[in-house]
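Have a look at the structure below, then the notes.
Residue numbers (the UniProt record's numbering): 1 to 378.
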């Protein structure tokens with residue numbers, strides 16, 4: 001037998017590398033001679049940079065940027081080994097949820113400014129061909145912060161430049177692009193994202209993901225109004241209508257800002273990463289595929305998501321896929337039978353969930369060892 005383990009990141013607990021390694025170690029703790037390929041994956045969110053750098057033997061670089069709440073941090077970006085001219089920017093490195101503790105969440109002030117700074121740093125280094133990974137963000141600013149960092153000005157009806165307060169965008173009147181970085185028009189951006197949601201509306205950024213970024217239910221209407229006004233003004237300025245546009249709501253709306261102002265091509269996150277990283281080639285001789293994510297829920301079944309992509313590619317080769325997940329939403333395990341041969345949950349009761357959150361790596365190793373022992377009788 002030959003296994004390939006390709007886990008996505010487990011939000012706030014394990015990176016894709018850590019989760020992949022924990023599963024592999026659990027399997028080999030039962031059968032030390034078992035051949036296991038560790039091949040972490042990502043779908044545009046956290047871990048995409050590492051997945052592409054690892055698979056292509058790329059080079060990391062760093063830049064000083066501002067995190068979502070304006071604190072200076074060192075953020076990574078990279079240059080792929082496939083082409084020294086292709087630069088990978090991962091939104092989560094500058095504007096990700098890993099920087100913001102739950103009690104710090106402030107959607108009015110959380111900004112993508114740092115992502116813009118990261119792009120600017122890469123432009124200064126001479127890069128013009130980009131892979132831009134959008135996901136795992138702590139922001140819901142419609143990409144306004146990123147655009148500010150690249151020189152775009154947001155003006156009220158008196159022509160005064162506005163602050164970074166999201167709700168002030170309800171008074172946005174016009175945009176001034178005189179100082180907007182002209183080098184962007186010399187670039188190509190391959191944008192990879194795990195979701196294709198619109199900018200606003202019931203299936204848009206705020207309604208679907210705002211709560212995870214601190215948007216209270218009672219504030220949803222005003223936050224939505226701010227993004228709607230931003231979309232109106234962007235349309236007036238560029239002619240690009242973002243309101244219902246697929247992908248515009250990804251990354252808390254950063255996807256829309258990118259579509260309106262950057263030369264882009266859009267890709268499903270996991271499909272792009274699996275193909276670009278050579279994952280299909282790694283399947284040679286493999287008999288079992290294992291993937292993983294922190295929570296099995298309705299988002300698991302979206303096309304751009306990591307486990308969904310792994311399942312699709314493996315199914316084309318007749319390979320069985322087992323999903324490891326920290327926990328599951330109601331009925332999600334039953335719904336997952338079309339995608340996965342088996343679903344292994346680390347936790348179901350509240351006490352089990354708390355233990356898994358406190359000791360995620362150990363819990364995942366134990367679950368993998370237990371599953372292998374029960375299934376293969378070692």
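Backbone N, C-alpha and C define an ideal beta-carbon position, used for all residues, glycine too.
Going by DSSP, residue 354 is part of no beta strand (DSSP E) but of the alpha helix (DSSP H) stretching over 350 to 358. A Cβ-Cβ separation of about 6 Å places residue 257 in contact with residue 146 under the 8 Å criterion.
Only residues of its own chain outside the window of five on either side were considered, and among them 260 and 261 have a CB closer than 8 Å to the CB of residue 238, listed in chain order.
Its Cα nearest to that of residue 341, the residue 319 stands out among 347, 329, 355 and 319. Your pair residue 296 and residue 328 checks out as a contact, with CB atoms roughly 4 Å apart and the cut at 8 Å.
DSSP places residue 291 inside the beta strand (DSSP E), whose first and last residues are 288 to 296. Checking the DSSP bridge columns, you'll see residue 7 partnered with 292. It is roughly 18 Å from the alpha-carbon of residue 66 to the alpha-carbon of residue 253. For residue 311, the enclosing alpha helix (DSSP H) stretches over residues 306 to 315.
Here the C-alpha atom of residue 57 lies approximately 10 Å from the C-alpha atom of residue 50. CA-to-CA, the gap between residue 80 and residue 53 works out to about 6 Å.
Straight across, the Cα-Cα distance linking residue 173 with residue 8 is about 41 Å. When C-beta atoms of the stretch 91 to 99 are compared with those of the stretch 128 to 140, three or more pairs fall below 8 Å, so the two segments count as touching.
Rounded to the nearest whole angstrom, the CA to CA distance from residue 188 to residue 156 is 31 Å.
In chain order, 288, 289, 290, 291, 340, 341, 342, 343, 344 and 371 place their CB closer than 8 Å to the CB of residue 322, counting only its own chain and leaving out the 5 sequence neighbours on each side. The beta carbon of residue 294 sits closer than 6 Å to the beta carbons of 10, 11 and 326 from its chain, once the five residues preceding and following it are set aside; these are given in chain order. The beta-carbon distance between residue 197 and residue 208, rounded to whole angstroms, is 6 Å. This is short enough to meet the 8 Å contact definition. Residue 139 and residue 17 have their alpha carbons spaced roughly 24 Å apart.
The beta carbon of residue 235 lies closer than 6 Å to those of 241 in the same chain, with the five residues before and after it left out. According to DSSP, residue 87 shares a beta bridge with 79 and 130. CA-CA distance, residue 278 to residue 195, rounds to 22 Å. Residue 285 and residue 62 have their C-alpha atoms spaced approximately 38 Å apart. Remark: C-beta atoms of residue 118 and residue 69 do not approach each other more closely than 8 Å. In this structure, the alpha-carbon of residue 298 lies about 10 Å from that of residue 336. For residue 225, the enclosing alpha helix (DSSP H) stretches over residues 220 to 238.
Taking all protein chains in view, the Cβ of residue 46 is crowded by 16 or more other Cβ atoms within 10 Å, so the residue is classified as buried. Here residue 190 carries a strand assignment [DSSP, helix/strand/coil].
Of the candidates 99, 190, 317 and 166, the residue whose Cα lies closest to the Cα of residue 276 is 190.
Counting every other CB atom within 10 Å of its CB across the protein chains shown gives residue 334 a total below 16, marking it as exposed.
Counting only runs of 3+ residues, the beta strand (DSSP E) found wholly inside the stretch 162 to 189 occupies 174 to 176, in chain order. Per the DSSP secondary-structure output, residue 63 pairs in a beta bridge with 75.
Looking at the DSSP output, residue 321 shares a beta bridge with 289. In the three-state scheme derived from DSSP, where H, G and I count as helix and E and B as strand, residue 112 is classed as coil.
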